[in-house]
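One structure is given below, encoded as structure tokens.
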Amino acid sequence: MRNLPNCKKATKEKSIRLIVASIAFIMIVSTVVSMNVFVRAEAADADTVSADAAENVASEDPAVLAEDITKTCEINSSGFKNARHLTDRSIEKYASSSSDGATVTIKSDVLIGSLYIVFGKKAGEWTLSAGNIQKTCGEYGFLHEFVDVVELTGEHHTEITLSFPGGHTIAEITVFSGGKVPDNVEQWEPPCEKADLLLLTAHSDDEHLFFAGILPYYAGELGYAVQVVYLSDHSYEYIRPHEMLEGLWVAGVRNYPVSGNFPDIYSESLTEARSKYSAKGYSVDSFVEFIVKMLRRFRPKVVVSHDLNGEYSHGTHILTAYALTEAVAVSSDAEKYPESADEYGVWDVPKTYLHLYGEGKITMIWDEPLDAFGGKTAFTVSQEAFMCHKSQHWTWFYRWMYGSINNKITLASEIKKYSPMYFGLYRTTVGLDQNTEDGDFFENIKTYGEEKAEEEAAAKEALKRLESERAEREAAESESRRLESEKAAAESESRRLESEKAAESESHLLESEFAEQTEEEDAPDKQYMIIAITIPVAVAIMCGAVVINAGAQNKKNEATKDIDNKR
């Protein structure tokens with residue numbers, strides 16, 4: 003019983019230690035759990051950020067293919083008649099904006115990358131709004147317009163609003179996510195400022211028929227600046243302008259075409275064409291004036307156009323070729339059609355080719371594979387381009403271009419009548435073609451791109467030469483400064499040596515004079531010193547002699563004394 007208090011004390015201490023240990027354990031476990039939750043939260047946040055970043059990157063990376071997200075977007079419109087046609091996947095019908103204008107608001111759960119708008123008829127300017135940003139679009143009036151929303155606004159958006167003035171018609175709106183849009187989405191450039199080649203045709207579709215191969219080869223494969231100009235205005239026909247753009251895009255053309263304002267009138271001779279167009283208020287001179295304006299505006303190195311006989315005797319084809327021959331003769335004369343001369347200046351076309359022309363004949367090869375089209379030939383690509391002109395497939399052109407089920411045409415060389423391979427050089431300022439069997443419209447011609455490359459190379463060479471001359475001049479100046487510095491140093495050293503030599507000579511002279519002066523001043527002292535030294539020495543010698551003599555005398559006396567004593 004005496005040990006009971008001690009036991010209680012021990013038990014109490016043990017309990018305290020147990021409680022402390024428990025508290026410590028709980029704190030450690032709580033800390034570990036908290037850290038684990040924090041790490042998981044950070045990881046979740048990181049995943050969210052990574053997902054957002056990945057989405058943004060995907061929207062900007064051209065290697066990522068854009069997706070058509072039109073169906074997943076919330077699209078609301080106001081002020082449109084037949085608004086359902088905005089996204090009905092058909093260009094045959096369209097929505098029309100009211101006289102007060104109309105708007106389309108697009109909301110998306112994913113970032114909007116771009117838009118593709120197919121207008122029903124000729125388009126004008128309109129506005130894209132995103133947040134506080136407003137941008138004007140449609141400056142060029144493209145019937146098919148691609149809009150890169152991110153590039154235009156500089157930001158990513160999930161909601162945009164399109165505002166159209168009255169009078170706009172829209173056949174289709176397609177919304178894409180970020181990335182590279184499909185190849186069939188037309189991204190037009192404005193008409194050429196300067197054209198390497200101008201293809202002048204009477205109608206849209208002729209460029210893929212009688213001129214099959216030209217556009218895929220020169221525009222698509224070689225990347226030349228190719229401008230297509232049509233005399234006929236097809237805008238009054240709803241579907242043909244769309245077919246025109248689709249066909250040109252397939253053929254590799256990237257600069258927007260230009261059309262005249264002449265109606266499409268069928269005739270079978272130049273006389274008939276003159277008469278019918280005159281009845282509509284269009285003279286032959288108006289055709290010539292338009293073509294002269296196009297030549298002066300685009301300043302082509304090469305112009306290609308129809309057969310003077312109109313291929314199959316189409317009067318407008320004949321009129322087009324005839325008007326071109328008149329135009330190339332006067333386009334360099336500022337007094338002819340002065341209005342376009344004042345606007346664009348004059349231009350003398352270096353080479354003019356006509357289809358099937360009998361002089362300066364060349365044969366174009368359109369049946370060789372092209373890298374730009376994955377190995378397809380220029381003729382095959384033209385066949386694909388003409389497939390876009392569905393409204394014209396009822397004509398005999400279709401069979402002429404593709405053949406029949408049992409006799410399909412796959413090569414340009416298989417077309418014998420009105421062959422797209424045969425042309426003649428109607429006019430040249432650069433000489434005749436030498437290679438006529440494997441023709442090239444650009445024989446003896448440098449494209450604007452080649453001229454620019456040469457000018458840039460010459461400029462670089464001139465700059466390099468100037469820099470080299472400057473470097474040589476600086477090196478010469480540096481060498482001159484070095485030589486002058488060395489010369490100055492040498493002259494300074496020479497002066498220093500001369501100065502030292504003069505100083506040394508002066509020093510020697512002073513030393514010599516000092517020595518002479520010292521000798522003169524020290525001569526009496528030397529004499530006195532000699533006397534002073536000589537006298538004691540003489541005295542010492544004399545004393546020594548006296549002592550020696552005295553000693554000798556003493557010895558002599560002693561010797562004498564000894565002798566005397568002996569006696």
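Numbering (our numbering), first residue to last: 3 to 569.
Yeah, the Cβ is synthetic: ideal placement off N, Cα and C, and Gly gets one too.
Counting along the chain, residue 320 sits inside no beta strand (DSSP E); it lies in the alpha helix (DSSP H) bounded by residues 317-332.
Closest by C-alpha distance to residue 229, out of 307, 390, 270 and 425, is 307. Excluding five sequence positions before and after residue 171, the CB atoms of its chain that fall closer than 8 Å to its own CB belong to 96, 97, 98, 99, 121, 122 and 123, given in chain order.
Contact annotation, residue 290 with residue 329: C-beta distance approximately 5 Å; criterion of less than 8 Å satisfied. Between residue 168 and residue 80 a beta carbon distance of about 13 Å is seen, past the 8 Å cut, so the two are scored as non-contacting. Under the 10 Å beta carbon count, residue 136 is surrounded by fewer than 16 other beta carbons and is classified as exposed. For residue 442, the closest C-alpha among the options 431, 367, 249 and 510 is that of 367.
Separation of residue 424 and residue 69 (C-alpha to C-alpha, rounded to the nearest whole angstrom) is 44 Å. A residue is called buried when at least 16 other Cβ atoms come within 10 angstroms of its Cβ; residue 312 meets this threshold and is buried. It is roughly 14 Å from the alpha-carbon of residue 88 to the alpha-carbon of residue 163. A distance below 6 Å between beta-carbons, with the five flanking residues on each side excluded, links residue 155 to the following residues of its chain, in chain order: 132 and 135. In this structure, the straight-line span from the alpha carbon of residue 242 to that of residue 391 is close to 7 Å. The Cβ atoms of residue 108 and residue 161 lie closer than 8 Å to each other.
In this chain, the alpha helix (DSSP H) harbouring residue 385 covers 380-388. Cβ-Cβ distances below 7 Å link residue 247 to 145, 146 and 188 in the same chain, with the five nearest sequence neighbours on each side left out; the list follows chain order.
Sequence-distant partners of residue 374 (beyond 5 residues in either direction) whose C-beta falls short of 6 Å from its own C-beta, in its chain, are 222 and 223. Three or more beta-carbon pairs separated by less than 8 Å link the segment 376-391 to the segment 199-215, which places the two stretches in contact.
In the three-state DSSP reduction, residue 133 falls in the coil class, being neither helix nor strand.
Distance from the CA atom of residue 71 to the CA atom of residue 380, rounded to whole angstroms, is 34 Å. By the neighbour-count criterion, in which 16 or more other beta carbons inside 10 Å mark a residue as buried, residue 249 falls on the buried side. Annotation for residue 354: 305, 330, 428 and 429 place their beta carbon closer than 6 Å to its own, counting only its chain and skipping 5 residues before and after.
The three-state secondary structure of residue 429, taken from DSSP, is strand. DSSP links residue 229 through a beta bridge to 200. Beyond the five residues adjoining it in sequence on each side, residue 141 comes within less than 7 Å, by CB distance, of 127 in the same chain, given in chain order. Counting the other Cβ atoms within 10 Å of the Cβ of residue 186 gives fewer than 16, which makes it exposed. Selection 279, 261 and 259 evaluated against residue 268 yields 279 as nearest (Cα-Cα). Annotated as proximal: residue 232 and residue 203, with beta-carbon spacing under 8 Å. Beta-carbon to beta-carbon, residue 294 and residue 342 are separated by about 6 Å, close enough to satisfy the 8 Å threshold. For residue 178, the closest alpha carbon among the candidates 148, 205 and 114 is that of 114.
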